[in-house]
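Engineer:
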Amino acid sequence: MSKILFPFTAFVNQEDLKLALLLNIINPKIGGLLIKGAKGTGKSSFVYSLPDILPEIEVSEDCQFNCNPNDQTNLCSECQNKTNLTIKNRPMKVITLPLGTTEDRLIGSLNIEQIMTKGIRALQPGILAMANQNILYIDEINLLPDHITDDILDAAASGWNTIERDNISVTHPARFILVGSMNPEEGELRPQILDRLALSVEAKTIKDETERVGVIKRNLLFENDPIGFSKMFATEQETLKQKITKAKALLPNITFSESLLSAVAAGCAKLEVDGMRPDVIISKTALTIAAYDNRTTVAEDDILKASILTLSHRTRKGGFQQPATKDEIESAFHQTLTKYRGQKEDSFKVSETQDKKK
1156 MSKILFPFTA FVNQEDLKLA LLLNIINPKI GGLLIKGAKG TGKSSFVYSL PDILPEIEVS
1216 EDCQFNCNPN DQTNLCSECQ NKTNLTIKNR PMKVITLPLG TTEDRLIGSL NIEQIMTKGI
1276 RALQPGILAM ANQNILYIDE INLLPDHITD DILDAAASGW NTIERDNISV THPARFILVG
1336 SMNPEEGELR PQILDRLALS VEAKTIKDET ERVGVIKRNL LFENDPIGFS KMFATEQETL
1396 KQKITKAKAL LPNITFSESL LSAVAAGCAK LEVDGMRPDV IISKTALTIA AYDNRTTVAE
1456 DDILKASILT LSHRTRKGGF QQPATKDEIE SAFHQTLTKY RGQKEDSFKV SETQDKKK
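Going left to right, the sequence shown walks through residues 1156 to 1513 as this note's numbering numbers them.
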């Protein structure tokens, strides 16, 4: 019997956290999520509840790296050499990085004696292989050893993991949704990995008395009768799962007006955010919000939501200025949205592959 999970739809409040997780599931190309919050705010509980609502993915049958048979850019060398790949559907998974993980456990290891006869099959897959097309969750991500952090950053940046032993190298796809959680009181996060986590939210302590009572009741009910409690939310869970699947299918058809793209670029420039990655992430997130709401066009509110999720943890002016506050982000983007409203009404769609140099 599979483990009974606390239903995702049974959590009280924390709407920003729920949305950020769902957006990454719908569109893994957003680039992950950082969950900050004090102890006892349910950071890990939210992530561990996800498997029951995760959509199915397509994998190459018998591939130890979860290669996507419909994506020629996401195939290991063995899958690339096969003329016909057998497609198998299975649900996405949450792969947890254990505390004290060794480098071999993370990236995998090679049996040098067998590499000449078995090729890639001589590789003992690591956590990064398991995480391909799945969610890689790291609790207390700010406490990771530097060498483990570097390996994860390399894989997250390139989408590939390379294992090298005695001049022998094996590479496989490692395209995962990176989700990390941390208690800021326990230490800061390295700037390199902070920048790699696309979105950030704060899991806040609920202060409303009625909502706190709801949290108590639901936890007690679940502990007393996990199966019965889960059945209470079965309809909501299935509805949400279908909504995610529908949004994934709709995502390539979302259009983005040129005026909104200009507003995104101007807003990031106005706030003096470091690098160009935030502009792209805001745009991806806004597209995904529209798909989640079952709309085919990005709206101004999508930009505002996406900008807050994207910029709240990002340094400015080369790292010499703290991240913008929510009020600062809203003010900057309200100004740029107003400035570009009604201008450049040509639409941009990511599924169109004709000349898009501009």
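Ideal Cβ placement from N, Cα and C applies to all residues, glycine included.
Thinking just about the alpha-carbon of each residue, which of Ile1296, Gly1342, Gln1347 and Glu1295 is nearest to the one in Asp1309?
Structural biologist: By 1-based counting over the sequence shown, the position of residue 1309 is 154. Here the closest residue by C-alpha is Gln1347.
Engineer: To the nearest whole angstrom, what separates the beta carbons of Asn1124 and Ile1262, a pair I think is in contact under 8 Å?
Structural biologist: One cannot answer for residue 1124 here, as it falls past the ends of the chain, which runs 1156 to 1513.
Engineer: Strictly by DSSP, which residues pair up with Pro1224?
Structural biologist: Indexing the sequence shown from 1 puts residue 1224 at position 69. Paired residues: none, contrary to the question.
Engineer: When DSSP labels each residue in this structure, what does Leu1176 get in the three-state scheme?
Structural biologist: Within the sequence shown, numbered from 1, the residue matching residue 1176 stands at position 21. Helix.
Engineer: Is it the case that the Cβ atoms of Lys1439 and Lys1184 are separated by a distance below 8 Å?
Structural biologist: In the sequence shown, the residue the question calls residue 1439 occupies position 284. In the sequence shown, the residue the question calls residue 1184 occupies position 29. Yes, they are a contact pair.
Engineer: Answer yes if the segment 1320-1335 comes into contact with the segment 1276-1289, meaning at least three C-beta pairs across the two stretches below 8 Å, and no otherwise.
Structural biologist: Enough Cβ pairs lie closer than 8 Å, so yes.
Engineer: Report yes if the CB atom of Ile1484 is closer than 8 Å to the CB atom of Ala1445, and no otherwise.
Structural biologist: For the purposes of this step, residue 1484 is taken as residue 329 along the sequence shown, with counting starting at 1. For the purposes of this step, residue 1445 is taken as residue 290 along the sequence shown, with counting starting at 1. Their beta carbons are not under 8 Å apart, which means Ile1484 does not touch Ala1445 by this criterion.
Engineer: Check whether the Cβ atoms of His1188 and Leu1354 sit closer than 8 Å, and answer yes or no.
Structural biologist: Locating residue 1188 in the sequence shown gives position 33, counting from the first residue. Locating residue 1354 in the sequence shown gives position 199, counting from the first residue. Note that residue 1188 corresponds to Leu in the displayed sequence, not to His. Their beta carbons are under 8 Å apart, which means Leu1188 touches Leu1354 by this criterion.
Engineer: Could you tell me whether the segment 1171-1186 touches the segment 1330-1344, where touching means 3 or more Cβ pairs closer than 8 Å?
Structural biologist: Result yes; three or more Cβ-Cβ pairs closer than 8 Å.
Engineer: When the Cα atoms are used, what is the spatial distance from Gln1509 to Asn1229?
Structural biologist: Within the sequence shown, the letter at position 354 stands for residue 1509. Within the sequence shown, the letter at position 74 stands for residue 1229. Residue placement at Gln1509 is poorly supported in this model, since its pLDDT is 49, which falls under 50; the coordinates still yield a value, given next. Looking at the two C-alpha atoms, the distance is approximately 23 Å.
Engineer: Buried or exposed for His1468, going by 16 or more other Cβ atoms inside 10 Å?
Structural biologist: One-based indexing of the sequence shown puts residue 1468 at position 313. The residue is buried, with at least 16 neighbouring Cβ atoms inside 10 Å.
Engineer: Ends of the beta strand (DSSP E) at Ile1323?
Structural biologist: Position 168 of the sequence shown, counting from 1, holds the residue named residue 1323. Per DSSP, Ile1323 belongs to the beta strand (DSSP E) from Ile1323 to Pro1328.
Engineer: Which first and last residues belong to the alpha helix (DSSP H) in which Val1368 is found?
Structural biologist: The count along the sequence shown starts at 1 and reaches residue 1368 at position 213. Unbroken alpha helix (DSSP H) run through Val1368: Glu1364 to Asn1379.
Engineer: Do the segment 1420-1427 and the segment 1383-1397 make contact, defined as three or more Cβ pairs closer than 8 Å?
Structural biologist: Contact fails: fewer than three Cβ-Cβ distances are below 8 Å.
Engineer: Restricting to Cα atoms, I'd like to know which of Phe1201, Gly1192 and Asp1207 is closest to Ala1514.
Structural biologist: As shown, the chain starts at 1156 and ends at 1513. That puts residue 1514 outside it, with no answer to give.
Engineer: Are Val1167 and Ile1361 close, meaning C-beta to C-beta below 8 Å?
Structural biologist: Stepping through the sequence shown from its first residue, residue 1167 is reached at position 12. Stepping through the sequence shown from its first residue, residue 1361 is reached at position 206. Contact flag set, yes.
Engineer: Express the C-alpha separation of Leu1375 and Glu1455 in angstroms, rounding to a whole number.
Structural biologist: Within the sequence shown, the letter at position 300 stands for residue 1455. Within the sequence shown, the letter at position 220 stands for residue 1375. The straight-line gap from Cα to Cα measures roughly 41 Å.
Engineer: Between Val1453 and Asp1434, is the Cβ-Cβ spacing less than 8 Å?
Structural biologist: As a position in the sequence shown, residue 1453 is number 298, starting the count at 1. As a position in the sequence shown, residue 1434 is number 279, starting the count at 1. No, the Cβ-Cβ distance between Val1453 and Asp1434 is not below 8 Å.
Engineer: If we ignore side chains and look at the alpha-carbon of each, how far apart do Leu1416 and Gln1227 end up?
Structural biologist: As a working mapping, residue 1416 is identified with position 261 in the sequence shown. As a working mapping, residue 1227 is identified with position 72 in the sequence shown. Their Cα atoms are separated by approximately 29 Å.
Engineer: Sorted by chain position, which residues of the same chain lie with C-beta nearer than 6 Å to Asn1221's C-beta, five sequence neighbours on each side aside?
Structural biologist: If you number the sequence shown from 1, residue 1221 lands on position 66. Taken in chain order, the residues that qualify are Val1214, Asn1287 and Gln1288.
Engineer: Using a Cβ-Cβ distance cut-off of 8 Å, determine whether Ser1438 contacts chain B.
Structural biologist: Checking the listed chains, one finds no chain B in this structure; it contains a single protein chain.
Engineer: Quick check: Ile1212 and Leu1265, are their CB atoms within less than 8 Å of each other?
Structural biologist: Here the question's residue 1212 lines up with position 57 in the sequence shown. Here the question's residue 1265 lines up with position 110 in the sequence shown. No; because the gap between Cβ atoms is not below 8 Å, this pair is not in contact.
Engineer: Helix, strand or coil for Asp1429? Go by DSSP, reduced to three states.
Structural biologist: For the purposes of this step, residue 1429 is taken as residue 274 along the sequence shown, with counting starting at 1. Asp1429: coil per DSSP, three-state reduction.
Engineer: Measure how close the beta-carbons of Tyr1203 and Leu1174 come, nearest whole angstrom, since I'm counting them as under 8 Å.
Structural biologist: Here residue 1203 refers to the residue found at position 48 when the sequence shown is read from its first residue. Here residue 1174 refers to the residue found at position 19 when the sequence shown is read from its first residue. At roughly 18 Å, the Cβ-Cβ gap does not stay under 8 Å, so Tyr1203 and Leu1174 are not in contact.
Engineer: Closest by CA to Leu1209, which one among Ile1399, Phe1475 and Cys1231?
Structural biologist: For this step, residue 1209 is matched to residue 54 along the sequence shown. Selected option, being the one with the closest Cα: Ile1399.
Engineer: Starting from Tyr1292, follow its DSSP beta bridges and name the residues at the other end.
Structural biologist: Translated into the one-based positions of the sequence shown, residue 1292 becomes position 137. Its beta-bridge partners are Thr1251 and Val1334.
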